[in-house]
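The sequence shown begins at 0 in numbering that gives the first Met the number 0 and counts up by one. Take a look at the structure set out below.
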Amino acid sequence: MDYKEEQLQELEVIESIYPDEFSCLDNEYPGIKFNVRINVEPQPFPDSSFTADSLSNDHYLDLQFSLPENYPDVAPKLEIECIEESRKDDDDEEDEDEEEIEYDENGNPIEAKLTNLPDQIHFQGYALRLTSQVEQQAEDEMLIGMQMCFAFVAWIKESCETWFQEELARLEREHERKLMAKEREEQKKFHGTKVTRETYLEWRNKFRKEMGLEERGEARKQVAHGGRLTGRQIFEQGLDGEEDLDDAGANV
0 MDYKEEQLQE
10 LEVIESIYPD
20 EFSCLDNEYP
30 GIKFNVRINV
40 EPQPFPDSSF
50 TADSLSNDHY
60 LDLQFSLPEN
70 YPDVAPKLEI
80 ECIEESRKDD
90 DDEEDEDEEE
100 IEYDENGNPI
110 EAKLTNLPDQ
120 IHFQGYALRL
130 TSQVEQQAED
140 EMLIGMQMCF
150 AFVAWIKESC
160 ETWFQEELAR
170 LEREHERKLM
180 AKEREEQKKF
190 HGTKVTRETY
200 LEWRNKFRKE
210 MGLEERGEAR
220 KQVAHGGRLT
230 GRQIFEQGLD
240 GEEDLDDAGA
250 NV
């Protein structure tokens, strides 16, 4: 096989398929290098809460191919650079910065029902996984011995778009679980605690201690039995009536 001829021929084919996305970095054999920029076009699943228009950024991948001397009998070397470009203009970004963050009663930021989850997805980590799979992919698809760079461009684009769908679905499930857990916590505030004899006695003792009723009750008994105060005086000093509270509580 004439490796030089094969590589130069593939260089021409790739440039004809991607005339605007292709750039040649080195066309001298051996050591041919070229770059293809692809536009990743994420599409959420049909049952997602989001659409393609929900994305605030456009995603591009710069695929840099380096062809070994004996390519295509071996897989090419591949590096991927991920690029994000905002769809928003400067005014939109300023308006977004000015939006106030809402907090709950505990001072925690309130997680919005429609948090823009697509903007939390980035391709850097996944792109690294793909570059490590190039040789295995060439073997699995039986590409060795053939011009395979075009096949790799198509594989990477499709893989990234599928991964985006799956990652967004995972984030949506996780976000929904968080919201449901928070709603359950909020609902607990509206449910009373069932009163039992034990819980009542615990509350009663705590209440009497906080209000100083035990001391007042003891003082009332001492004064009443000592005969130093009349019933009217006991009533006016607030030393009467605690027994009624106790009797009423005992019937709960």
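Where is the CB? At the ideal position from N, CA and C, for every residue including glycine.
Check, Outcome
"Tell me whether the beta-carbon of H58 lies closer than 8 Å to the beta-carbon of P41.", "yes"
"Based on Cα-Cα distance, which residue from R86, Q135, I120 lies nearest to D73?", "Rather than Asp, the amino acid found at residue 73 in this sequence is Val. Closest by alpha carbon: Q135."
"Candidates D52, I155, P29: which alpha carbon is nearest A126's?", "I155"
"Let's test the definition: count the other Cβ atoms within 10 Å of the Cβ of Q6 and tell me whether it reaches 16, buried, or not, exposed.", "buried"
"With a CB to CB cut of under 8 Å and the five nearest residues on each side skipped, what residues in its chain are close to Q146?", "E5, Q8, E9, V12, P71"
"Within this structure, are the beta carbons of L77 and L66 separated by less than 8 Å?", "no"
"Going by DSSP, name the residue or residues bridged to H58.", "V39, E83"
"In whole angstroms, give me the CA-to-CA distance for I290 and F44.", "Examination of residue 290 is not possible in this model, given that the chain is present from 0 through 251 alone."
"Going by DSSP, what residue range makes up the beta strand (DSSP E) through F21?", "21-25"
"Looking at S55 and D118, is the spacing between their C-beta atoms short of 8 Å?", "yes"
"What is the rounded straight-line gap between the Cα of L60 and the Cα of C23?", "16 Å"
"What does a CB cutoff of less than 6 Å around E68 pick up in its chain, not counting 5 residues either side in sequence?", "P29"
"Just verifying my parser: in three-state terms, what is the DSSP assignment at D96?", "With a pLDDT of 49 at D96, under the threshold of 50, the modelled position of this residue cannot be trusted; read the value that follows with caution. Correct three-state label for D96: helix."
"Going straight from the alpha carbon of D96 to that of E84, what length do you get?", "Since pLDDT at D96 reaches only 49, below the 50 mark, its modelled position is unreliable, and the value read off the structure follows with that caveat. Those two C-alpha atoms are separated by around 18 Å."
"For Q63, which beta-bridge partners are listed by DSSP?", "N34, E78"
"Please report how far the alpha carbon of E160 lies from the alpha carbon of D1, in whole angstroms.", "36 Å"
"In terms of residue numbering, what span does the alpha helix (DSSP H) encompassing E14 cover?", "2-16"
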